[in-house]
Amino acid sequence: MATNSIAPASAWGSRWTFSLALAATVIGLGNLWRVPSAMVNYGGSAFLLVYVAVLFLAVVPVVMAELALARRCLMSPVPTLRRMSEGSLIAPLMPWAGWSMMLAACILLGLYGVVGGMGLSYLFRAALGELNGNPAAASALFTRFYSNQGDMAFWLLSFMALVVGISMKGLQRGLQSSLRTVMPLMLVVILVLVTVGAMSGKAGEASWTLFAFRWEDLGWSGGFHAVSLAFFSLAIGSGALMTLGAYMPGNASVPLSGIGVAATDLAITLLLGLGVISLLFAHQVASVSGFELVFVTLPQVFEAMPSGQLVGSLFYILVVLLAWTSALFVMEVLVARLSESLGGLRALAVALAAIPGCLAGLLAVRGVASGTGPDFFFWMSQLARLLFIPLGVLGVALLVGRFLRPQRVVSFLGLKGMRFRFWRLLMGVVVPLTVVATVGFGLYQQGPSLCDEYSPPWCGGGGDSFETPVYPLSEEPYGAIGDYDAED
16 MATNSIAPAS
26 AWGSRWTFSL
36 ALAATVIGLG
46 NLWRVPSAMV
56 NYGGSAFLLV
66 YVAVLFLAVV
76 PVVMAELALA
86 RRCLMSPVPT
96 LRRMSEGSLI
106 APLMPWAGWS
116 MMLAACILLG
126 LYGVVGGMGL
136 SYLFRAALGE
146 LNGNPAAASA
156 LFTRFYSNQG
166 DMAFWLLSFM
176 ALVVGISMKG
186 LQRGLQSSLR
196 TVMPLMLVVI
206 LVLVTVGAMS
216 GKAGEASWTL
226 FAFRWEDLGW
236 SGGFHAVSLA
246 FFSLAIGSGA
256 LMTLGAYMPG
266 NASVPLSGIG
276 VAATDLAITL
286 LLGLGVISLL
296 FAHQVASVSG
306 FELVFVTLPQ
316 VFEAMPSGQL
326 VGSLFYILVV
336 LLAWTSALFV
346 MEVLVARLSE
356 SLGGLRALAV
366 ALAAIPGCLA
376 GLLAVRGVAS
386 GTGPDFFFWM
396 SQLARLLFIP
406 LGVLGVALLV
416 GRFLRPQRVV
426 SFLGLKGMRF
436 RFWRLLMGVV
446 VPLTVVATVG
456 FGLYQQGPSL
466 CDEYSPPWCG
476 GGGDSFETPV
486 YPLSEEPYGA
496 IGDYDAED
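Structure (structure tokens):
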């Protein structure tokens, strides 16, 4: 088994470029279509309080661990975990944690390809003025699009070609050069959307809805939603951070990198929430999440705006870039591992890495577009979220929090004294509990879907799904927020 370093000299030209890469890895579609809607539905700042606590107490420590382990070994996740666990009781299990990350990366690459392809299609539609402001027409357009396997496959493969094209150029001429353009462009587009939202006249109402502290609306379901969304917010367990850690400059601080990227991700999430929720309120449409928000509801909003063609085009540029950067770095997980085995032949490694991503994407397209049989997009995402990613995170947490000698961890982490002991406590206790809570919530949440669709014998009479919270309308300074969908 090859165990050569995958990090070329000066992989990232500076700490600034590495910070851009780290931000590009963790900022994704969840910042746009999951967290803001959950804040609306589950108590505003009450939800945000739980989310931030989990983000910094359970997720950031894992970010630090993954970066530090990989920088120590300069290898991809599988050999890194194998080498760091040598001689420990958990050593036989560590390759499984590494391969779980690899499988998660394969699935995520395919799913990002599907969403990125859909965003690419809608970008052209928005630029050509083909979006429709009528709710029924917007819904029908989306249904026709995702029901057409040929169209979905074409846009998926077109998007994947963009990912492969940049990855082929290598770390410096490909990823590094593109990030210096793409990340500032993403920030500009986000600020434009926030400005347009502020000019809509509903920024105050959106701010109150997002940030008012409504503890009574949080509930157990809202709390677990916050834990789950925070857990998946920074790309832990997918191998992307461990791969980046192998390319990490020697003068970059692991603790500061972890805290800084979490703060950046949180700030982007709140900015996107303000912009999107303001636009929804201005045009009196309900706050929804996921595909419905991006491909059904917001096209209605853009079509009704005076400059909707331009704003819509900018929005779908953002969607494509969010999916593209995420896909680029989960693909790098596969490229790095293959490069080790192929003796550094990056072009061949990229070509081979694209195959499972495209196959996973085509499988997801077939499940969505056929309208019959299992929804492969949904079940593939659940497989990554509820099995492969948690296994990877749990392996890292147990390794550094329980089994590695403290002196060995201190040598490469950058924390000492009380700060190190607190971090190790978080890794050994809080992170495993968070993994259990996230997986348990996910299984409980998806149980009714599994029972309704397949009726396995253990379901019995099925289960009750979470209810949409009821808002105390009399306490709202801006009137009724509306009837919101609490779907994850």
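Numbering (our numbering), first residue to last: 16 to 503. We put the CB at the ideal spot given by N, CA and C, even for glycine. Note that the structure is a prediction, hence the values are computed from the model and not measured.
To which residues of the same chain is residue i closer than 6 Å at the C-beta, ignoring the five residues directly before and after it?
| i | result |
| --- | --- |
| Ser302 | Ser52, Val55, Leu295, Tyr499 |
| Ala241 | Phe62, Val65, Tyr66 |
| Ala141 | Gly327, Ser328, Tyr331 |
| Leu84 | Thr95, Met99 |
| Ser341 | Gly43, Tyr127 |
| Arg87 | Phe427 |
Under the rule that 16 or more other beta-carbon atoms within 10 Å means buried, what is residue i, buried or exposed?
| i | result |
| --- | --- |
| Gln299 | exposed |
| Gly358 | exposed |
| Thr449 | buried |
| Gly457 | buried |
| Asn46 | buried |
| Phe139 | exposed |
| Met214 | exposed |
| Ile370 | exposed |
| Ser236 | buried |
| Trp31 | exposed |
| Ala176 | exposed |
| Ala282 | exposed |
In terms of residue numbering, what span does the alpha helix (DSSP H) encompassing residue i cover?
| i | result |
| --- | --- |
| Ile42 | Run containing Ile42: none; DSSP gives neither H nor E here. |
| Gln397 | 391–398 |
| Thr158 | 150–161 |
| Pro110 | 109–142 |
| Met198 | 192–214 |
| Ala80 | 75–88 |
| Ile283 | 269–297 |
| Gly327 | 323–356 |
| Asn56 | 50–56 |
| Ser426 | 421–428 |
| Asp166 | 164–183 |
| Gln187 | Premise fails: Gln187 is in no alpha helix (DSSP H) and is neither H nor E. |
| Ala245 | 234–246 |
| Arg439 | 432–440 |
| Val69 | 60–69 |
| Pro264 | No alpha helix (DSSP H) contains Pro264, which DSSP labels as neither H nor E. |
| Ile404 | 404–413 |
Once you ignore the five residues that flank residue i on each side, which residues in its own chain have a CB closer than 8 Å to its CB?
| i | result |
| --- | --- |
| Phe33 | Trp27, Leu259, Tyr262, Met263, Pro264, Ala267, Ser272 |
| Phe435 | Pro421, Val424, Val425, Leu428 |
| Gly189 | Ile181, Ser182, Met183 |
| Ala255 | Thr40, Ala120, Phe344, Val345, Glu347, Val348 |
Might you give, ordered along the chain, the residues of its own chain that have their beta carbon closer than 7 Å to the beta carbon of residue i, omitting 5 neighbours on each side?
| i | result |
| --- | --- |
| Ala245 | Tyr66, Val69, Leu70, Val74 |
| Val311 | Ala153, Ser154, Phe157 |
| Leu504 | Residue 504 is absent from the model: the chain starts at 16 and stops at 503. |
| Ser396 | Leu126 |
| Arg229 | Gly58, Gly59, Ala61 |
| Leu430 | Pro270, Trp438 |
| Gly185 | Arg361 |
| Trp170 | Gly132, Met133, Leu135, Ser136 |
Taking the straight line between their C-alpha atoms, what separation do you get for residue i and residue j?
| i | j | result |
| --- | --- | --- |
| Pro314 | Met257 | 37 Å |
| Cys373 | Leu200 | 27 Å |
| Arg361 | Met183 | 7 Å |
| Leu104 | Gly134 | 46 Å |
| Pro110 | Gly432 | 31 Å |
| Leu363 | Ala351 | 11 Å |
| Asp166 | Phe344 | 25 Å |
| Leu72 | Val415 | 16 Å |
| Ala297 | Gly323 | 13 Å |
| Pro150 | Phe306 | 14 Å |
| Phe481 | Trp394 | Per-residue confidence for Phe481 stands at a pLDDT of 33, beneath the threshold of 50, marking its modelled position as unreliable; no derived number is given. |
| Glu355 | Leu286 | 40 Å |
| Ala319 | Asn147 | 9 Å |
| Gly137 | Met79 | Note that residue 137 is Tyr in the sequence shown, not Gly. Distance between the alpha carbons of Tyr137 and Met79 is about 37 Å. |
| Arg417 | Pro321 | 58 Å |
| Gly216 | Ser243 | 33 Å |
| Glu145 | Glu231 | 42 Å |
| Arg195 | Ala106 | 39 Å |
| Leu333 | Glu101 | 43 Å |
| Ser505 | Thr453 | The structure shown has nothing for residue 505, since the chain only spans 16 to 503. |
| Val211 | Val178 | 30 Å |
| Met124 | Ala375 | What sits at residue 124 in the sequence shown is Leu, not Met. If I take the Cα positions, the gap works out to 8 Å. |
| Leu398 | Gln461 | 12 Å |
Would you verify that the beta carbon of residue i is, or is not, closer than 9 Å to some beta carbon of chain C?
| i | result |
| --- | --- |
| Ala112 | Although the question refers to chain C, the structure presented lacks it and comprises just one protein chain. |
Any 3 or more C-beta pairs closer than 8 Å across the stretch 82–94 and the stretch 103–123: yes
Cβ contact check for the stretch 440–449 and the stretch 398–407: 3 or more pairs under 8 Å: no
Three or more C-beta pairs below 8 Å linking the stretch 218–231 and the stretch 306–323: no
Inter-stretch contact at 8 Å, needing at least 3 Cβ pairs: the stretch 406–414 / the stretch 155–163: no
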